[in-house]
Amino acid sequence: NTLAIGVEQANAETAFDLPVSLDNTDDIVAIQFDINYNNYAVELLTGHQLTSRASSHSLGVSTPSPGVIRVIIYSGTNASITGNTGDLVILKLKAKTLPGDFVLNYSNVVVSSPTGSAITTTVQTGSVKVLGPQMNIVSSEVNFGRVPIGSTPTNLITVQNLGNTSLELTGINAVLPFSIQESFPITINASSSVNLFISFTNPV
């Protein structure tokens, strides 16, 4: 008997389905398990659904603590889950804005037979890949020091893209007497960086 979480990919700020499948040789009437996830990368939605394999069952999905999804599948009539392979429940989640590959682990797995005895079950972890850019400005400040009147010195800041898709800089808010020399838009590839040159015009 094996429970397996799906392997999914989603764009940032996009809802997606996460299937949990069951391959079983024993008769199973109830299952409870927790899925541990990164709650900075993914959030739990509503509208979760059992598949036709559990048409005689009820479903409970909750978050007992941050980063934990608790799933309970049970039958009020002690009916067994039908079939021996395939998806059992579809969970509804949404990717946030933190890109990366995140493992989905199981814990607290309890599987019951029609007589109420525990059934030995193995588990397979899943994962979700969140696609998106992530901007990081390397320098927190730019210090021009003492600037002679009438001069126009330049300095630079480095902007990194720590994400896994391209980052587009569409423009900046002008703060006189500072200006950016580069033209916008500027595209920064995943895991890359660009230098932006800042000019300071000291009024005469």
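Taking our numbering, the leading residue of the sequence shown gets 15, the next gets one more, and so forth.
Glycine included, C-beta positions come from ideal geometry on N, C-alpha and C.
Because the structure is a prediction, the values reported are computed rather than measured.
Q. Taking Cβ to Cβ, would you say V21 is nearer than 8 Å to S141?
A. Numbered from 1 along the sequence shown, position 7 holds the residue referred to as residue 21. Numbered from 1 along the sequence shown, position 127 holds the residue referred to as residue 141. For V21 and S141, yes; Cβs fall inside 8 Å.
Q. Out of curiosity, what's the CA-to-CA distance linking Y54 and N178?
A. One-based indexing of the sequence shown puts residue 54 at position 40. One-based indexing of the sequence shown puts residue 178 at position 164. Each residue's Cα considered, the two are about 16 Å apart.
Q) Does the distance from the CB of T135 to the CB of T16 come in under 8 Å? A) For the purposes of this step, residue 135 is identified with residue 121 of the sequence shown, where counting begins at 1. For the purposes of this step, residue 16 is identified with residue 2 of the sequence shown, where counting begins at 1. Yes, the Cβ-Cβ distance between T135 and T16 is below 8 Å.
Q) Would you say S207 and T168 are within 8 Å of each other, going by their C-beta atoms? A) The count along the sequence shown starts at 1 and reaches residue 207 at position 193. The count along the sequence shown starts at 1 and reaches residue 168 at position 154. Against a cut-off of 8 Å, the Cβ pair of T168 and S207 comes out as no contact.
Q: Below 8 Å on the Cβ atoms is my guess for V103 versus L73; work out the distance and round it to an integer in Å.
A: As a working note, residue 103 is residue 89 in the sequence shown. As a working note, residue 73 is residue 59 in the sequence shown. Right, the Cβ-Cβ distance comes to about 7 Å (below 8 Å), so this counts as a contact.
**Q.** Three-state class that DSSP yields for S197 in the structure shown
**A.** Indexing the sequence shown from 1 puts residue 197 at position 183. In the structure shown, S197 sits in coil (DSSP, three-state: anything other than H, G, I, E or B).
Q: Could you tell me which residues DSSP puts in a beta bridge with E182?
A: As a working note, residue 182 is residue 168 in the sequence shown. DSSP output for E182 lists T201 as bridge partner(s).
Q | Whole beta strand (DSSP E) elements within the stretch 72-103, 3-residue minimum | A | Counting whole runs of 3 or more residues, the stretch 72-103 contains the beta strand (DSSP E) stretches 72-79, 82-88.
(Q) Does A68 come out as helix, strand or coil in the three-state DSSP assignment? (A) Along the sequence shown, one-based indexing puts residue 68 at 54. A68: helix per DSSP, three-state reduction.
Q. Should L36 and I86 be called a contact, given that it needs their Cβ atoms to be closer than 8 Å?
A. The residue given as residue 36 occupies position 22 in the sequence shown. The residue given as residue 86 occupies position 72 in the sequence shown. For L36 and I86, no; Cβs fall outside 8 Å.
Q | Three-state secondary structure assigned by DSSP to N209 | A | Counting from one through the sequence shown, the residue named residue 209 turns up at place 195. Reduced to three states, the DSSP call for N209 is strand.
Q) Along the chain, where does the beta strand (DSSP E) that runs through N122 open and close? A) Against the sequence shown, residue 122 aligns to sequence position 108. Here the beta strand (DSSP E) through N122 covers 114-126.
(Q) Taking only three categories from DSSP, how would you classify I171? (A) Indexing the sequence shown from 1 puts residue 171 at position 157. Here I171 sits in strand by DSSP.
Q: Mind checking which residues open and close the beta strand (DSSP E) that includes I19?
A: For this step, residue 19 is matched to residue 5 along the sequence shown. Here the beta strand (DSSP E) through I19 covers 16-19.
(Q) the ligand ATP and T91: does any heavy atom of the ligand fall closer than 7 Å to the residue's C-beta? (A) Judged by which ligands are present, the structure shown has none, so any question about the ligand ATP falls away.
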